[in-house]
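In the working numbering, the protein residues as written are 343 to 462.
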């Protein structure tokens, strides 16, 4: 996934959702604590560009695959690109922050979302 200052947050979200339809990425102005949840009050606007919300202006390709742990993905976004993200998983008709299962892989999370979720 190419990360540049000009790319919109919504574009990154759509690209991620294409790979993992039962997961979604949300962006925040501040990081969440380990095992903690991200507050909606610090939610980043999806219409903003990456350059408007990040603290490290590094461009590059972020490798995202099903074997990657959620915690590793979130750390990579934060440490390499200065972006605070949280992965959510579909569960019936709601989206759950994956804080309790951050050590699961993206494939495991997506599979559980498929089993318990309703795709929109």
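Each residue gets a CB set at the ideal place from its N, CA and C atoms; glycine is no exception. As the structure is a computational prediction, the values presented were derived from the model and not from experiment.
According to DSSP, residue 430 shares a beta bridge with 366, 439. Secondary structure of residue 415 (DSSP, three-state): helix. Shortest Cα-Cα distance from residue 389 to any of 406, 398, 349 involves 349.
Residue 360 counts as exposed, since fewer than 16 other C-beta atoms from the protein chains shown sit within 10 angstroms of its C-beta.
Within the model, the alpha-carbon separation for residue 423 versus residue 434 is close to 32 Å. A contact between stretches requires three or more CB pairs, one per stretch, nearer than 8 Å, and the region 408-415 meets this requirement with the region 442-453.
Cα atoms of residue 429 and residue 369: separation of roughly 9 Å, rounded to the nearest angstrom. In the DSSP assignment, residue 352 falls within the unbroken alpha helix (DSSP H) covering 351-361. Residue range 448-458 is occupied by the alpha helix (DSSP H) that includes residue 449.
Take the alpha-carbon of residue 454 and the one of residue 405: they are about 22 Å apart. Within its own chain, the residues whose Cβ lies closer than 6 Å to the Cβ of residue 425, once the five positions on either side in sequence are excluded, are 396, 419, listed in chain order.
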